[in-house]
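Right, one structure below, let's go through it.
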Amino acid sequence: MSDYYESTESSEQLDLLQTLDDLSCSGLSVERWVKYIFGMSMAEIALVRSRARTRGMKRRLRQFVDALSGEQGHIGLQQSFQDLWNAIVQDFCREDTCPRFPILAQRSKGTIVLTPAAPDRDSSDLSLHAVPLPEDKWRYAVCSVQAYMHSFVEAEKDYKNTLRDATNVCNRLQSKSTPSRAKPKSSKRKPQKTTYYITVLSREFRVSCDDIRLGALAQRCMSATYRMHVCLMSLQGVDMTLHYYDPMGSIRSVPFNIIERSEDLLLVIWAMCNRLRTQAGFNPFQYNTAGEWKESQFVFEDCDTKEELVFVATDEPLFVSGELLGRRSLILPVTDALGRILVLKFPWVLGDSSVPETELIKEILRLAPEIRKHLPDLQFSRVYDSDTDLHLPQFALPPLEDERGYRWKRDLLIAVTTHYHHLWTARSLQEFKKIFIEIVECHHVAYEKGRVLHRDISWTNLMFDRVDDIPIGILNDWDNSTNVDESGDIKAIQGALGGARGTFVFMAIDLLRNRNHEHFYRHDLESFFYVLVWAAIHFNLKEGTHTEIAHPVLAQWAADADEEAWQSKMSFLENFEAGEAVFNLMGAEFDELNVTWILDLREIFADGYGAFEDHHEIKSCGAQEVPSLRVRYSDPAFDEKTLGGHVTFEKFMDILKG
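Those letters in the sequence shown? Residues 1 to 658, per UniProt numbering, in order.
Below, the structure is given as structure tokens:
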């Protein structure tokens, strides 16, 4: 697989990914590309082609190619492309004014990638603003030209992190999902390969370093101003390839020679110039950006009242997902017309199967209104269909479906809620404990009465509000939650993809050992426990601060390697020395929490997993052959949902309130 990267949710997307990969291999012709991706009519295509045939551009194109291969600096390379752009737009598109096309050019041999530019004032304004584009300031990205190396300098060392951070192939690769390279039989150094093979969910895919870097650039461009999609043009020598990315997948064209097929190049640039406002993927709800998040306006229509709702960003994003495909969440601090401090959230949710978190919250409130004050207070929410509302270009293509007829479709969810406080800003340990207990109880009521399991307990999702100076625990971010039936089992949804596992650092041991393990209620209790351990080491309640980077003793919990993480957590539960190494790092203000909560909670999980291992040992060997296990294990009908009754809400709360 070259241009297509797997999302974070499931193993069941592989058939669809293969379908996309087949399309990628065959590719779209340039004519089909500008028709489907840029929305050009056949009449417009014919017009541009006729103009191209009446004028000679090969000399200009050859000069441009020579300039790219020459020893030019940043300014020279920028000017070469600007000259070509001006010539094509003015001579062939017959525009009176040429859109300014600012460029970032790194002087390096290799592929050059071009992306459309962002408006400087209003989304309806076609003119472009030339803003300097430092490498570390991608939010100023208007149009970028990124030259990247084709060699593999430092590729082996940086490959895994680049793959995870830049393209999020599967959010967390399995421990076996590392680049597999054939070891040379001799000790002599051999040339590095240009292709890597990774194993994702038991299937091997081919991913080149160029694919990864192109995906990284696409991700940065999409995140810079939170585009709905982005189109890139990659130029290697005289061969140009067109690339399209959105949260659902990637499509590429057949490479074409820009000298021999200059008509196709003119067609692409004409489409970029004339379809820039509607087809460049800019956020249709964002206005007056000028390249900055702060003071940007976001305008939505209320479905019920038909009123226009305006929210103004007060600062940089609180969170920007590093995903290229998938949810691609963005969280912004905003204010409304009344001056209330709120949070605006943009996630791409599965459109045909899962229930959006806003609907799940409403469902919980209907069935369990008593926990209203512990749930996010929705000020506004709406789901925009990626086809009928946002008109993403890929829907102009023939439908891409897997063997079951399921199309991997995502829609954009807009949610505006009250801005809450993080757990580390509690004023004292007593406040911390009050907030934590209220959240655990809210989580249980939502599960028992609301029939919704959260499935993503982490230190960022446990928050609180302050009402009359009294802290009120809030269980936030229900993105990964799901409905459960009367027995507490997750409901299967026809055509839905598999379930999310939660935040890696706080993931239960079972879910780390087996990616396909069913998510039980007790797994969220285990995540609550790990949050306590994490807080005791990384939170400073006196100063209201926290450390985001894992302490070395917990580094394996956050290493994104499943086997290392579950073994480290199991060792912490069962090994005295491993436990002491963690306890000795806990801050003095958490001593009481360690003695009254953490030690006892650790014991119930250790006993539960121990009973679970005994159960499997007896099943495989027989109780008569393992008499020493009979003391701890006696019930043949082992309840895996509670680890033999060791881990239940009642026992968890007895410790918290004891």
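Built from N, CA and C at the ideal position, the CB exists for glycine as well.
Treat the numbers as computed from the prediction; the structure is a model and nothing was measured.
Asked, Found
"Euclidean distance between Cα positions of Gly658 and Ile472", "21 Å"
"Helix, strand or coil at Leu656 according to DSSP, with G and I counted as helix", "helix"
"Segment contact, 8 Å Cβ cut-off, at least three pairs: the segment 342 to 349 with the segment 324 to 333", "yes"
"Reference Tyr384, options Glu613, Glu295, Leu350, closest by Cα", "Leu350"
"Beta strand (DSSP E) segment containing Phe464, residue limits", "462 to 467"
"The segment 432 to 451 / the segment 313 to 329 touching (three or more Cβ pairs under 8 Å)", "no"
"Presumed contact (8 Å Cβ cut-off) between Thr418 and Asp377, rounded CB distance", "5 Å"
"Endpoints, alpha helix (DSSP H) assigned at Trp33", "30 to 36"
"Three-state secondary structure assigned by DSSP to Met228", "coil"
"Which residues DSSP lists as bridging Phe380, in chain order", "Val416"
"The ligand ZN heavy atom lying under 8 Å from the CB of Leu643", "Ligands displayed in this structure: none; no statement on the ligand ZN is therefore possible."
"Classification of Cys442 by the beta-carbon crowding that lies within 10 angstroms, buried from 16 upward", "buried"
"Inter-stretch contact (C-beta, 8 Å, three-pair minimum) for the segment 242 to 255 and the segment 24 to 39", "yes"
"Residue(s) in a DSSP beta bridge with Lys651", "Per DSSP, none; premise fails for Lys651."
"Which listed residue (Met507, Met586, Phe539) has its alpha carbon closest to that of Ala559", "Met507"
"For Asn283 and Met222, the rounded distance between their alpha carbons", "10 Å"
"Beta-ladder partner(s) of His243, from DSSP", "Leu232, Arg252"
"Buried or exposed by the 16-neighbour rule on C-beta atoms within 10 Å, applied to Glu403", "With a pLDDT of only 45 at Glu403, under 50, the local geometry of the prediction cannot be trusted, and no value is derived from it."
"Rounded C-alpha distance that separates Ile371 from Val320", "29 Å"
"For Arg410 and Leu318, the rounded distance between their alpha carbons", "23 Å"
"Three CB pairs or more closer than 8 Å across the segment 581 to 597 and the segment 553 to 568", "yes"
"Expected contact under 8 Å - CB spacing of Leu28 and Val238 to nearest Å", "The Cβ separation is near 20 Å, so there is no contact."
"Under the three-state DSSP convention, the category Glu359 falls into", "helix"
"Residue closest to Glu650, alpha-carbon to alpha-carbon, out of Leu525, Val355, Phe572", "Leu525"
"Best match in Leu367, Val48, Trp459 for proximity to Thr547 [C-alpha to C-alpha]", "Trp459"
"Top-ranked residue by Cα proximity to Ile598, from Ala637, Ala581, Tyr530", "Tyr530"
"Through-space distance from His229 to Phe605, alpha-carbon basis", "45 Å"
"Coarse secondary structure for Thr335, derived from DSSP in three states", "strand"
"C-alpha gap between Leu325 and Asp479, whole angstroms", "16 Å"
"Local conformation of Ile474 per DSSP, three classes", "strand"
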